Amino acid sequence: MQYGHFDNAKREYVIDRVDLPVSWTNYIGVGDMHGVFNHTAGGYLIYKSPEYHRITRFRPNGVPMDGPGHYVYLRDDESGDYWSVSWQPVGKPKEHFRCRHGLSYVTYESDYSAIAASQTLFVAMDDPVEIWDLRLRNDSGRERTLSVFSYLEFSFHQVDMDNRNFQMSLYAAGSRCVDGVIEHDLYYEQNGYQFFTSDFEPDGFDCLRDTFIGPYRTERDPLTVESGACQGSFEKGGNHCGCLKKTLTLAPGGEARLLFLLGEGGIEAGKAMREKYTAARADEDFARLAAFWDRKLACLQVETPNAGLDTELNIWNLYQSEINVMFSRFTSFIEVGGRVGLGYRDTAQDAMMVPHSNPAKCRSRLIELLRALTTAGYGLHLFEPRWFEPVREEPGFQSPTVVPVPDKSEIVHGIQDACADDALWLVSSVVQYIRETGDFAFADEVVTYADGGEGTVYEHLEHILDFSAREVGRSGVCKGLRADWNDCLNLGGGESAMVSFLHLWALGNFTALADRLGRGADAARYRDMAEAVRDTCRRVLWDGKWFIRGITADGRRIGTQRDEEGRVHMESNTWAVISGAADREQGLAAMDSVYEYLFTPYGLMLNAPCYTKADDGIGFVTRVYPGLKENGAIFSHPNPWAWVAEAMLGRGSRAMELYNALCPALQNDRIEIRQAEPYSYCQFVVGRDHTAFGRARHPFMTGSSGWAYYAATQYLLGIRPDFDALRVDPCVPADWREFSVTRQWRGARYEIRVLNPEGVEKGVRSLRVDGREMDALPPLPPGSVCRVEVVMG
Ligand code: GLC
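In the numbering used here, the protein residues as written are 189 to 981.
Below, the structure is given as C-alpha cells:
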C-alpha cells in the first residue's frame, strides 16, 4: 500500500495520504538553526544545540502524537469552521491535505473548504530565521472572510528545564508583543530572546499558551481560534506561544501570501528581520537553498537500470548522509536532545561517507574526533567537541540550579568505558578524506589529545593502531572492551572478531597512506602488524563455514556451527571479507552462510537464530526481544557491509539483491508493513522472529545511510577515489548492460559511461578518458570536464 510518491523532478516526496501509520519526518535548516518536522507540521526548531538552545517545544513520545508544532489555523469567519493547513492538529477529513517533503523544507497543502492553502517551512540562508511562507487562494467562487492564526509553543531552551523542575522553569520565561513582534525571553540568560513576527500588520496576538488554548482544550480546538478573537495576552512567567492573527477578505479567485518569521533575538532583531525578509527575499533564499543542494547533488549523479538506486543516490541517500554529518545524531523524534555531543564511532563513520560533497564539515568532524582521542589510543565514546576546543565556548545557558561543570578527569573516561571499535573507524575516515581531497598536508596537522599533549594527525592514527595491537586477549584477538560496534554484544569483556577485522582494515588503509607519504619504515612496521593480525584471525576465528563473532571472557566461542542461538553473525563475516582476512574460499563460504541464515525480503538480519536465553557472558543482546534491534533485527547499518563484501567477491547480482531488499525507495508500495518513510533508511527493520516482521523504525539518524551511499557508489558502481587516481571498478548484476555516473573529483567533472556487453558482474576490459586508454582516471585541472568510457568484461 502506498501513501505517497517520489517526485524526483522536484526532488520531493509527496505524501498523498496524510493518515500515515507513523510520523514521517524531515529536516529544515542547513546551519546553526535547524529543526525536524513531520508531515503534519509537528516538530521543533533548535539553534546550535538540541540540549541547550531549543526554540520550540516538543512533547516526545506523546499523546496526541508528534506535537506541538509550527501550525497555521484558518477560520472561516462566516461559519466559524476552522482547520489547520497541515491537517493536524485540527484533523479535518484527510482527503483535503497533502505534504511535500523537500530538501531542507517541508510544504503542507490543503484544499479544505475550497480554500487552496500551502505553508512552507524553511530556514533563511544567512540568518537564524525560520520562514513560514503561507499562500492562500479562494477557489470557492464567492467572497470569503478568513482569519489566519499562527501557533507555536516556545521552549525553556534547555532540555531538562523544559521537562522538569517546573518550580523554576515556569517563572523564568516571559513574553511581550511590541509593534507586531512577539518576544520570548528566558530571563536567566543574557541573550535568551526569540522573536516571532510577520510581514503584515497583525490584528491580534497571544503570547500565553494557556490563553490561546483555553482550559482543558488542546491544539485541536484552541479557544482563540474557535472564538475567532485573540486576547492580547502576555506575561512574565508561564508558558509562551507565538500567535499572530490576520483577518483577510478574499474575492473569488483572490490570493494572499503571508510570511511569518521565527528567529533569534528580541524585538529589535525581529523588526530588522521583518524589514529584511520580504517576500522577494524569501523567494531568493528559497532559491539559494535549492542551489545549495544542487551543488551537493551534482557531485555525483547516476543513471542506472535500477530506479530505486537512482532515487537514492541522486537525492535522498546523500541528503540523509549529509544531515547526519551536519547535525550529528541527536535531533529527531526519537532522540530528542537529552543525549547530545558526538558519538565517537557513529561520527567517525558518518564523516567517511560524504567528503566529496561536504569536505569542510567532514574535515572539522575529523578534527573533533582526533581531539577526543586519548594518548592511549582509544576515543571518548560520547563527547562534546567544545570540551577540547582551544578556546572553550560554553553553551549559552545559565540557571540558578547548580549543575557542576565536569573537569577533565571526569570527561576523559578510562579504558573501562572505551569501546574497542570507536577509534579504529577514524583511521579509515582520515585516509578516505585524503583520497577524496588530495589534502596530504592534513596528515601532518598538529592536533591535541583529550588527555593532554599534541601530535600530528598521522601520529594520532598510529596511537589508534598501536592501542588495538596492545589490547588483545588470550587468543591474540582484540579485546571487545565495553562493546564493539554492536552496543549489545559485550562478551563480558572477552575478544571480538569484528574488532580484529576492523584493525586489519584500518592497517591496510594506513599503510597505503604511509607508502604514499614516503614513510616506508612506518609502512613496513604496520604491514608486519597487519600480517600478525591476519594470521591470528585465520588461526582463531574461522569455524569451517563462517567466522565466529567472538570469544567470551570465560573462553566460549560465540557464533559457531554448534551454537543453537546466535549461530551466524553479520558483523564478523562481512568484515572478514572487507578486511582481507578471509581468503577467497572462506569469503565465499562465509557470505553464503550470511545469505542462507540471515537474508529476508527486507534485508539481512544481524544474527540468527535470535537469542532467547539471557546470557550475560554474551551480553545485553540476549536480553533484547527476539527480532528487535541488535537481537536479530534487520539492523540496517551493517547491511551495506555485506554489499561491499559481495562486491569484493565479484558477485554483483547477489550484492544488488541485498541492496534492493533494504532500499527504502523500493519499499514505497509496502507501507502497510514498513510503516516508516520510504525516503529514509531506518535504524532497523523488525526481524523474522517478531510479529511485526518488516516494520522499519528510527529514520534519518542512522549510520546505514552513509554506509549505503558509500557502498553503492564506491563498490557497486565502483567509482573509488584513491590518492592519485579515481578508480572505476564496478560490480553489478549480470543483466545490467549500461550505466552512467557523473562524478566531480578535485574540481574536475568525469562523465563516466560504463558498458557491459557480455553481461559480466565484475572486471574492466578497457577504460578510455577522452578517447585515450588508461588504467584509472587521473586528477585533472579544476573546472575541466572529461568523458570516460569503460567497458566491462
Ligand atoms: C546504534 C548506535 C551505534 C551502534 C549500533 C549497534 O545505532 O548509535 O553506535 O553501533 O546501535 O549497536
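Here a beta-carbon is modelled for each residue, glycine too, at the ideal position from N, C-alpha and C. Just so it is clear, the structure is predicted and the values come from calculations on it, not from any experiment.
### Query
What whole-angstrom Cβ distance do V311 and I216 have, given they're in contact under 8 Å?
Locating residue 311 in the sequence shown gives position 123, counting from the first residue. Locating residue 216 in the sequence shown gives position 28, counting from the first residue. I216 and V311 do touch by the CB rule: their CB atoms are close to 5 Å apart, below 8 Å.
### Query
D675: beta carbon under 7 Å from a heavy atom of the ligand GLC?
The residue you call residue 675 lines up with position 487 of the sequence shown. At least one heavy atom of the ligand GLC lies closer than 7 Å to the C-beta of D675.
#### Entry: Contact test: Q871 Cβ vs the ligand GLC heavy atom, cutoff 7 Å
Position 683 of the sequence shown, counting from 1, holds the residue named residue 871. With a cutoff of 7 Å, Q871 counts as near the ligand GLC, since its C-beta is closer than that to a heavy atom of the ligand.
### Task
Could you please give me the residues that DSSP links to V665 through a beta bridge?
As a first step, residue 665 must be located in the sequence shown, where it is residue number 477. V665 is not bridged to any residue.
### Message
Given this structure, state the Cα-to-Cα distance separating N379 from G738, to the nearest angstrom.
### Response
In the sequence shown, counting from the first residue as 1, residue 379 sits at position 191. In the sequence shown, counting from the first residue as 1, residue 738 sits at position 550. Between N379 and G738, the alpha-carbon positions lie close to 52 Å from each other.
### Query
Which residues bound the beta strand (DSSP E) around R908?
Mapped onto the sequence shown, residue 908 falls at position 720. First-last of the beta strand (DSSP E) with R908: I907 to P909.
### Task
Would you mind sorting R960 into buried or exposed? The rule is 16 or more other CB atoms within 10 Å of its CB.
In the sequence shown, the residue the question calls residue 960 occupies position 772. Exposed, since its Cβ has fewer than 16 Cβ neighbours within 10 Å.
### Query
Out of curiosity, what's the CA-to-CA distance linking Y293 and T699?
Here residue 293 refers to the residue found at position 105 when the sequence shown is read from its first residue. Here residue 699 refers to the residue found at position 511 when the sequence shown is read from its first residue. One alpha carbon belongs to Y293, the other to T699, and they sit about 43 Å apart.
### Query
What did DSSP end up calling K950 once you bin it into helix, strand or coil?
Here residue 950 corresponds to residue number 762 of the sequence shown, with the count starting at 1. In this structure, K950 counts as strand in the three-state DSSP scheme.
### Reference L309; option with closest CA among C395, G416 and L477
If you number the sequence shown from 1, residue 309 lands on position 121. Closest option to L309, Cα to Cα, is L477.
### Message
Please state whether the Cβ-Cβ distance between A913 and E949 is less than 8 Å.
### Response
Residue mapping note: residue 913 aligns to position 725 of the sequence shown, counting from 1. Residue mapping note: residue 949 aligns to position 761 of the sequence shown, counting from 1. It is not a contact, given that the beta carbons lie outside the stated cut-off.
### Query
CB-CB under 6 Å to P493, same chain, minus the five flanking residues each way: which ones, in chain order?
The sequence position of residue 493 within the sequence shown is 305, counting from 1. Apart from sequence neighbours up to five positions away, the residues of its chain that approach P493 with a beta-carbon distance below 6 Å are W924, ordered along the chain.
### Task
Leaving aside the five residues before and after G257 along the sequence, list all residues of the same chain whose C-beta is less than 6 Å from its C-beta, in chain order.
Residue numbering aside, residue 257 sits at position 69 when the sequence shown is read from its first letter. Same-chain partners within the cutoff: A229, G230 and G231.
### Query
So what does C181 bridge to, in DSSP terms?
Past the edges of the chain, shown from 189 to 981, lies residue 181, and the structure says nothing about it.
### Query
Relative to the alpha-carbon of R943, which residue among C919, M889, Y201 and S656 has its alpha-carbon at the smallest distance?
On the sequence shown, position 755 is the one that residue 943 refers to. Looking at the sequence itself, residue 943 is Leu, so the reference to Arg does not match. Looking at the Cα atoms, C919 is the closest of the given residues.
### Query
Excluding the five sequence neighbours on either side, which residues of its own chain have a C-beta within less than 6 Å of the C-beta of Y898, listed in chain order?
On the sequence shown, residue 898 is found 710 positions in, with the first residue counted as 1. Here the set comprises M541.
### Query
Can you list the beta strand (DSSP E) stretches of 3 or more residues lying completely in the segment 315-349, in chain order?
As far as the segment 315-349 is concerned, its whole beta strand (DSSP E) runs of at least 3 residues are 317-326, 332-339 and 342-345.
#### Entry: Start and end residues, alpha helix (DSSP H) containing D538
Taking the first residue of the sequence shown as 1, we reach residue 538 at position 350. Y532 to M541 is the span of the alpha helix (DSSP H), which, as asked, contains D538.
### Message
Restricting to runs no shorter than 3 residues, where is the beta strand (DSSP E) found entirely within the segment 632-717?
### Response
Listed in chain order, they are 634-636 and 642-644.
### Message
Is H825 close to the ligand GLC? I mean its beta-carbon at under 7 Å from any heavy atom of the ligand.
### Response
As a first step, residue 825 must be located in the sequence shown, where it is residue number 637. Indeed, a heavy atom of the ligand GLC lies less than 7 Å from the Cβ.
### Query
Among the residues of its own chain, which have a CB less than 6 Å from the CB of R715, if the five just before and after it don't count?
Position 527 of the sequence shown, counting from 1, holds the residue named residue 715. Only residues of its own chain outside the window of five on either side were considered, and among them T699 have a CB closer than 6 Å to the CB of R715, listed in chain order.
### Message
For M221 and D394, I'd like the C-alpha separation in whole angstroms.
### Response
On the sequence shown, residue 221 is found 33 positions in, with the first residue counted as 1. On the sequence shown, residue 394 is found 206 positions in, with the first residue counted as 1. If you take the alpha carbons of M221 and D394, they lie about 24 Å apart.
### Message
According to DSSP, is F400 part of a helix, a strand, or is it coil?
### Response
For the purposes of this step, residue 400 is taken as residue 212 along the sequence shown, with counting starting at 1. In the structure shown, F400 sits in a helix (DSSP, three-state: H, G or I).
### Task
Pull up the CB-CB distance for D387 and L447, whole angstroms please, since I reckon it's below 8 Å.
In the sequence shown, the residue the question calls residue 387 occupies position 199. In the sequence shown, the residue the question calls residue 447 occupies position 259. About 4 Å separates the two Cβ atoms, so the contact holds.
### Query
Looking only at its own chain, which residues have a Cβ that is under 7 Å from the Cβ of V413, when we skip the five neighbours before and after it?
The residue given as residue 413 occupies position 225 in the sequence shown. Cβ-Cβ distances below 7 Å link V413 to Y261, R263, Y270 and F337 in the same chain, with the five nearest sequence neighbours on each side left out; the list follows chain order.
#### Entry: Integer Cβ distance of V513 from V929, believed to fall under 8 Å
Taking the sequence shown and counting its residues from 1, the one referred to as residue 513 is at position 325. Taking the sequence shown and counting its residues from 1, the one referred to as residue 929 is at position 741. Not really, about 22 Å apart at Cβ, beyond 8 Å.
### Alpha-carbon spacing of N505 relative to D482, whole angstroms
Position 317 of the sequence shown, counting from 1, holds the residue named residue 505. Position 294 of the sequence shown, counting from 1, holds the residue named residue 482. Straight-line Cα distance between these residues: approximately 14 Å.
### Task
In the DSSP assignment, find the beta strand (DSSP E) that holds F384 and state where it starts and stops.
As a working mapping, residue 384 is identified with position 196 in the sequence shown. Residues Y381 to S386.
### Task
Take G985 as the anchor and find which of F515, G971 and D265 has the nearest alpha-carbon.
Given that the chain is displayed from residue 189 to residue 981, the structure contains no residue 985 and the question cannot be resolved.
#### Entry: Three-state class that DSSP yields for M221 in the structure shown
Locating residue 221 in the sequence shown gives position 33, where the first residue counts as 1. Of the three classes helix, strand and coil, the one that applies to M221 here is strand, per DSSP.
### Query
Would you say the beta carbon of G192 comes nearer than 7 Å to a heavy atom of the ligand GLC?
Your numbering for residue 192 matches position 4 in the sequence shown. G192 Cβ: outside cutoff for every heavy atom of the ligand GLC.
### Task
Sort G768, K280 and A360 by Cα distance to L695 and report the nearest one.
Start at 1 with the first residue of the sequence shown, and residue 695 comes out as number 507. Ranked by how close their Cα comes to the Cα of L695, the residues G768, K280 and A360 have G768 in first place.
### Burial state of P970 (16 or more Cβ within 10 Å)
The residue you call residue 970 lines up with position 782 of the sequence shown. Exposed: under 16 other Cβ atoms inside 10 Å.
### Message
To the nearest angstrom, how far is the alpha carbon of T740 from that of Q276?
### Response
Counting from one through the sequence shown, the residue named residue 740 turns up at place 552. Counting from one through the sequence shown, the residue named residue 276 turns up at place 88. When rounded, the distance between both Cα atoms is 51 Å.
### Where the beta strand (DSSP E) containing D264 begins and where it ends
The residue you call residue 264 lines up with position 76 of the sequence shown. Segment Y259 to D264, the beta strand (DSSP E) holding D264.
### Message
As a quick exercise: from K434, Y404 and D398, pick the residue whose alpha carbon is nearest that of G426.
### Response
By 1-based counting over the sequence shown, the position of residue 426 is 238. Restricting attention to K434, Y404 and D398, the CA atom closest to the CA of G426 is found in D398.
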